[in-house]
Amino acid sequence: MNDATILMIDNNENFLKLFCCLPETNDFTVVPYKSAKDAFDYLCRKGADVVISDVQMPEMTGIELLTRMQDMRPDIPVILITAYGSSEEAITAIKQGAFHYFEKPIDDKLHLFWSTIREAVEKHRMLEEIESLRKEKALRSVRGSSIIGASEGIKKVRESIEEVAGLKVTVLISGETGTGKELVARAIHERSPRRSNSFFAVNCSEFAPGLMESELFGHEKGSFTGAMAQKKGLFEIADKGTLFLDEISNAPMALQSKLLRVLEAREFKRVGGTSNLYSDFRVVAATNTNLETAVAEQRFRQDLLYRLNMYIIEIPPLRERKEDIPRLAEYYFKRFTAIYHRPLEGISESAMNTLITYQWPGNVRELVNVIERAVITCRKNLITTRSLPLASESGSTLSSINLKEMEKHMIRLALQTSGHNKTRASEMLGIARKTLIEKIRRYHIEKSE
Ligand SMILES: Nc1ncnc2c1ncn2[C@@H]1O[C@H](COP(=O)(O)OP(=O)(O)OP(=O)(O)O)[C@@H](O)[C@H]1O
Ligand SMILES: [Mg+2]
812 MNDATILMID
822 NNENFLKLFC
832 CLPETNDFTV
842 VPYKSAKDAF
852 DYLCRKGADV
862 VISDVQMPEM
872 TGIELLTRMQ
882 DMRPDIPVIL
892 ITAYGSSEEA
902 ITAIKQGAFH
912 YFEKPIDDKL
922 HLFWSTIREA
932 VEKHRMLEEI
942 ESLRKEKALR
952 SVRGSSIIGA
962 SEGIKKVRES
972 IEEVAGLKVT
982 VLISGETGTG
992 KELVARAIHE
1002 RSPRRSNSFF
1012 AVNCSEFAPG
1022 LMESELFGHE
1032 KGSFTGAMAQ
1042 KKGLFEIADK
1052 GTLFLDEISN
1062 APMALQSKLL
1072 RVLEAREFKR
1082 VGGTSNLYSD
1092 FRVVAATNTN
1102 LETAVAEQRF
1112 RQDLLYRLNM
1122 YIIEIPPLRE
1132 RKEDIPRLAE
1142 YYFKRFTAIY
1152 HRPLEGISES
1162 AMNTLITYQW
1172 PGNVRELVNV
1182 IERAVITCRK
1192 NLITTRSLPL
1202 ASESGSTLSS
1212 INLKEMEKHM
1222 IRLALQTSGH
1232 NKTRASEMLG
1242 IARKTLIEKI
1252 RRYHIEKSE
């Protein structure tokens, strides 16, 4: 079942072993546990698609586990296996919200047993999907929101947006990772006469080399193997809209010269096509590295830089506008307490001071993630310094580790928080699912971590 995970708990080791040998388990990943307490810790960290648990166990019974799961992870269905003839246990199980119960022995009802497990997995997947849609919707309203901050730096950014939104001029947004470049790009689009048309975001470093040209400019049917039908490219689709070219500094040289041509002439051809096409797109580009340096290092075309830097918006890093931190923290605190239905009072003064003194190498995105995580994990009314995940597992502070380490840390955090749901984790990180998968592979992040 698409690699669904079953967490199986029984203090009887033989029963666990027998279960793991059943041929049906081939369709699943089975995580066996002898103790419900340990299993519960695992479930809080990693999650599972379904839990199957014995009821009578020392330390923590299956019913206790079930009640705790209702508090922590009500989305994971729990199937209980009760002792033969204990109808009371069965009644309690159902009352407490068990997905189903089976009386031992289960050998004579294996067919029903497995179909129930499959049903439970389906239910869990559905709940997960609903939750991720709900969160996406809520986050979209966060994204569509205004630009928070009253520092001189942000005031200037806001003024620039107002000034340039109504024009067709190409805009280059520069700023460190997580400073809000995409947010600003969307704000430009939303305040422009193009707002009723689409905003397309393209990450220039994410293109598979062979497909780049056809993605951007489209192709004619039969122009290459696999081109089964004519396809419009992004420049064509973005007619009357805005095309956001993210991480432009990472565009391969071949793409750079094509971009230059289309920005100059505003005309292009589909791959394999002969006629010139015209499209009324507006380009907003973003970079997190200095393009002048990239030009000096011959990684970026000077003529393309001239085309792009007609109007530059520079977003200062968060550590240079610390006065924005309280507002941002409060703003996202409110959003996340609403999204996660957590009625918390606020952020303590000392926690706020910690947020203000921290250097934020990942800028606003890191702050958003820290607040989100604090809201989820906070066990008190108030977010205190203890609930701020600013120190890495190794005990070093995040400010002392480099960006790559921080990225790895954030990915692990997001995977843990989302129970290894990559779609949800990528939403939390604000990156594409594809990018997340690529990063997991590159950093060798294991599911067992
Ligand atoms: N001034 C701000 N007010 C409110 N939210 C902000 C602000 N700046 C950034 N954010 C939020 O921080 C997160 C990161 O912003 P965004 O994706 O725009 O950054 P970026 O500069 O494009 O980052 P990267 O270089 O990593 O792609 C988003 O959730 C965004 O909504
Ligand atoms: Mg971005």
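Number 971 in the numbering used here belongs to position 160 of the sequence shown; there are no gaps in the numbering.
Virtual Cβ for every residue (Gly too), placed ideally from N, Cα, C.
The model shown is predicted, which means the values in this text are computed figures rather than measured ones.
Quick one: is the Cβ of residue i within less than 7 Å of any heavy atom of ligand 2?
i: Lys1245; result: no
i: Gly1057; result: The question names Gly, but residue 1057 in the sequence shown is Asp. Yes, the Cβ of Asp1057 comes within 7 Å of a heavy atom of ligand 2.
i: Lys992; result: yes
Contact check, residue i vs residue j under 8 Å by CB: the rounded distance?
i: Ala850; j: Leu818; result: 6 Å
i: Val861; j: His922; result: Their Cβ separation, rounded to whole angstroms, is 17 Å, which puts Val861 and His922 out of contact at 8 Å.
i: Ile972; j: Ala998; result: 5 Å
i: Gly858; j: His1231; result: 7 Å
i: Ser957; j: Glu1134; result: Wrong, their Cβ atoms sit about 17 Å apart, outside the cutoff.
i: Gly991; j: Ile1126; result: 6 Å
i: Phe1083; j: Glu1031; result: The question names Phe, but residue 1083 is Gly in the sequence shown. At roughly 4 Å, the Cβ-Cβ gap stays under 8 Å, so Gly1083 and Glu1031 are in contact.
i: Phe924; j: Ile917; result: 5 Å
i: Ala1012; j: Glu993; result: 7 Å
i: Glu1058; j: Gly1044; result: Going by Cβ atoms, the distance from Glu1058 to Gly1044 rounds to 19 Å, so no, they are not a contact pair.
i: Ala1062; j: Leu1070; result: 7 Å
i: Thr816; j: Thr840; result: 5 Å
i: Leu1155; j: Ile1194; result: 7 Å
i: Thr1148; j: Ile1187; result: Not quite, the Cβ-Cβ distance comes to about 10 Å (not below 8 Å), so this is no contact.
i: Ile874; j: Thr903; result: 6 Å
May I ask whether a heavy atom of ligand 1 can be found less than 7 Å away from the beta carbon of residue i?
i: Ala1097; result: yes
i: Thr1053; result: no
i: Ile959; result: yes
i: Thr988; result: yes
i: Leu1102; result: no
i: Leu1139; result: yes
i: Gly964; result: no
i: Gly1241; result: yes
i: Arg1077; result: no
i: Val1175; result: yes
i: Val1082; result: no
i: Val1181; result: no
Any heavy atom of ligand 3 within a distance shorter than 7 Å of the CB on residue i?
i: Met1039; result: Ligand 3 is not part of this structure, which contains only ligand 1 and ligand 2.
For this session: With a floor of 4 residues, list each alpha helix (DSSP H) that falls wholly inside the segment 906 to 973, ordered by position along the chain.
Result: 921 to 954, all fully within the segment 906 to 973.
Exercise. At what residue ranges does the segment 1127 to 1206 contain a whole run of the alpha helix (DSSP H), taking only runs of 4 or more?
Worked result: 1136 to 1150, 1160 to 1168, 1174 to 1188
For this session: Write down every uninterrupted run of the beta strand (DSSP E) in the segment 1075 to 1110 whose length is 3 residues or greater and which is fully enclosed by it, in chain order.
Result: Complete beta strand (DSSP E) runs here, min 3: 1093 to 1098.
Exercise. Three or more beta-carbon pairs under 8 Å between the segment 1097 to 1106 and the segment 1142 to 1151, yes or no?
Worked result: no
Exercise. Do the segment 1118 to 1137 and the segment 978 to 986 touch if we need at least three Cβ pairs shorter than 8 Å?
Worked result: yes
For this session: Output the residue ranges of the alpha helix (DSSP H) runs that lie fully inside the segment 964 to 1019 and measure 4 residues or longer, sorted by chain position.
Result: 992 to 1001
For this session: Assess, as a yes-or-no matter, whether the segment 889 to 901 is touched by the segment 863 to 875 under the definition of 3 or more beta carbon pairs within less than 8 Å.
Result: Because the criterion of three Cβ pairs below 8 Å is met, the segment 863 to 875 and the segment 889 to 901 touch.
Problem set entry | Secondary structure, beta strand (DSSP E): runs of 3+ residues fully inside the segment 823 to 850 | Runs of beta strand (DSSP E) with 3 or more residues, each lying fully within the segment 823 to 850, are found at 839 to 844, listed in chain order.
Problem set entry | Length at least 4, wholly inside the segment 1016 to 1059: the alpha helix (DSSP H) runs in chain order | Counting only runs of 4 or more, we get 1023 to 1028, 1045 to 1048.
Exercise. Pairing CB atoms from the segment 1155 to 1162 with CB atoms from the segment 1014 to 1032, are three or more of them under 8 Å?
Worked result: no
Problem set entry | At least 3 beta-carbon pairs within less than 8 Å: the segment 1086 to 1099 vs the segment 1038 to 1054 | yes
For this session: Count the C-beta pairs between the segment 1228 to 1247 and the segment 1179 to 1189 that are closer than 8 Å, then say yes if the count reaches three, no if not.
Result: yes
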